[in-house]
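Enquirer: The structure's right below; bear with me while I get my questions together.
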Amino acid sequence: MEKSYSIAIDGPSASGKSTVAKIIANKLNFIYVDTGAMYRAFTYAVLKAGLDPKDEKASESLIGKIEISFNEKNHITLDGVDISKEVRSNEVADNVSYIASYKNIRLFLVDSQRKIASNKNVVMDGRDIGTYVLSNADLKIYQIASAEERANRRYKENIEKGIKSSYEDCLDNVNKRDYIDSHRSFCPLHPADDSIEINTTHMTIDEVVNEILKIAKERGIY
Ligand code: CDP
């Protein structure tokens, strides 16, 4: 079988991972996997079922009962229904880091992530891709940016998508998720030892994309 390649892009909230990962996947004709959307979908399912996302046992009860996947447009689906708009809501953003801290829910979603990636060329973005999900990835990028810049990016993105929010709310959410994501006991957010850090605070999307493509080329990924 021909070798397949994987690129892992990790980093804190709103550091621009998904924008960059999508462009790279497109250029290289790789599959793009947005693992954050899967944690958001689980959170949406918990809220929709009227359960409390802060209650680990109650949230876990949905494991195996719901199906989270991607459709032909690569949009996130819950039991076959496209929920790509719903997962971007403020309510989901406010609760997703609780859900993502529960070990059994992570194991359930990581299993799907590995299945999606197996024997395929993929660009996968998240928090634990280089450290855990694809620990043998051919290239691991750790993308960072200042909290203020990330809040600014998220605020602009929300405005474009018609989601009501303020810069202060975005900054609060970024800081809160940074804290929970990096302090959880199972698979916390941290750079893999063999990752390459890119600080995107003062970089354009094109500059980040080109930087990653340059390294991928040097490594013979394409
Ligand atoms: O797009 P944004 O950076 O806001 O976040 P996301 O990538 O959509 O991820 C949403 C949340 O899911 C994160 O804040 C983490 O709590 C969680 N997550 C995770 O724990 N592990 C992943 N591999 C991806 C996301």
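So the sequence shown is numbered by our numbering: it starts at 303 and just counts up by one. All C-beta atoms, glycine included, are put in the ideal place defined by N, C-alpha and C. Here the structure is a predicted model, which is why all the values come from computation and not from measurement.
Considering only residues of the same chain and omitting the five flanking positions on each side of Pro490, which have a CB-CB separation below 6 angstroms?
Expert: Hits under 6 angstroms: Ser484.
Enquirer: Examine the ligand CDP and report whether any of its heavy atoms sits within less than 7 angstroms of the Cβ of Ser414.
Expert: Answer for Ser414: no, Cβ out of range of the ligand CDP.
Enquirer: Between Gly432 and the ligand CDP, is there a pair consisting of the residue's CB and a ligand heavy atom that are separated by less than 7 angstroms?
Expert: Not so, every heavy atom of the ligand CDP lies at least 7 angstroms from the Cβ.
Enquirer: Is the beta carbon of Gly338 less than 8 angstroms from the beta carbon of Gly428?
Expert: Against a cut-off of 8 angstroms, the Cβ pair of Gly428 and Gly338 comes out as a contact.
Enquirer: Skipping 5 residues on each side, what residues in its chain have a beta carbon closer than 6 angstroms to that of Tyr400?
Expert: Within the same chain, Tyr400 has close Cβ partners Pro355 and Lys356.
Enquirer: Give the straight-line distance between the Cα atoms of Arg456 and Phe488, rounded to the nearest whole angstrom.
Expert: C-alpha separation (whole angstroms): 26 angstroms.
Enquirer: Straight-line CA distance for Val425 to Lys359?
Expert: For Val425 and Lys359, the distance between alpha carbons rounds to 32 angstroms.
Enquirer: Cβ atoms of Thr503 and Ala447: under 8 angstroms apart, would you say?
Expert: Yes, these two residues count as a Cβ contact at 8 angstroms.
Enquirer: With a threshold of 8 angstroms, are at least 3 pairs of Cβ atoms found where one atom belongs to the segment 310-328 and the other to the segment 467-480?
Expert: The answer is yes - the segment 467-480 touches the segment 310-328, with three or more Cβ pairs under 8 angstroms.
Enquirer: Between the Cα of Asp396 and the Cα atoms of Ser497, Asn475 and Ala419, which residue gives the shortest distance?
Expert: Nearest option by C-alpha distance: Asn475.
Enquirer: How many whole angstroms separate the CB atoms of Lys410 and Ile365, which I take to be in contact at a CB cut-off of 8 angstroms?
Expert: What sits at residue 410 in the sequence shown is Phe, not Lys. At roughly 5 angstroms, the Cβ-Cβ gap stays under 8 angstroms, so Phe410 and Ile365 are in contact.
Enquirer: Kindly provide the ranges of any alpha helix (DSSP H) runs that are 4 or more residues long and lie completely inside the segment 378-434, ordered along the chain.
Expert: Taking only runs of at least 4 residues, the alpha helix (DSSP H) segments lying wholly in the segment 378-434 are 392-401 and 405-419.
Enquirer: Taking its Cβ as the centre, do 16 or more other Cβ atoms sit within 10 Å of Ala442, making it buried, or is it exposed?
Expert: Checking the sequence, you will find Lys at residue 442 rather than Ala. Lys442 is buried by the Cβ-count criterion.
Enquirer: Between the alpha carbons of Asp495 and Thr433, how many angstroms are there, rounded?
Expert: Approximately 8 angstroms, taken between the alpha carbons.
Enquirer: Taking Ile333 as the reference, give the member of Lys350, Leu349, Met505 and Ala310 with the closest Cα.
Expert: Cα-wise, what sits closest to Ile333 is Ala310.
Enquirer: Please classify Asn460: is it buried, with 16 or more other beta-carbons within 10 angstroms of its beta-carbon, or exposed?
Expert: The residue in question, Asn460, is buried, as its Cβ has 16 or more Cβ neighbours within 10 Å.
Enquirer: Starting from Ile370, follow the alpha helix (DSSP H) in both directions and report where the run begins and ends.
Expert: Unbroken run through Ile370 is the beta strand (DSSP E), Ile370 to Phe372; no alpha helix (DSSP H).
Enquirer: Distance, Cα to Cα, Val322 vs Glu451?
Expert: Distance between the alpha carbons of Val322 and Glu451 is about 16 angstroms.
Enquirer: Please classify Ser437 as buried or exposed, where buried requires at least 16 neighbouring CB atoms within 10 angstroms.
Expert: By the 10 Å Cβ count, Ser437 comes out exposed.
Enquirer: Note the first and the last residue of the continuous alpha helix (DSSP H) segment covering Asn501.
Expert: It is not in any alpha helix (DSSP H) - Asn501 instead sits in the beta strand (DSSP E) that spans Ile498 to Asn501.
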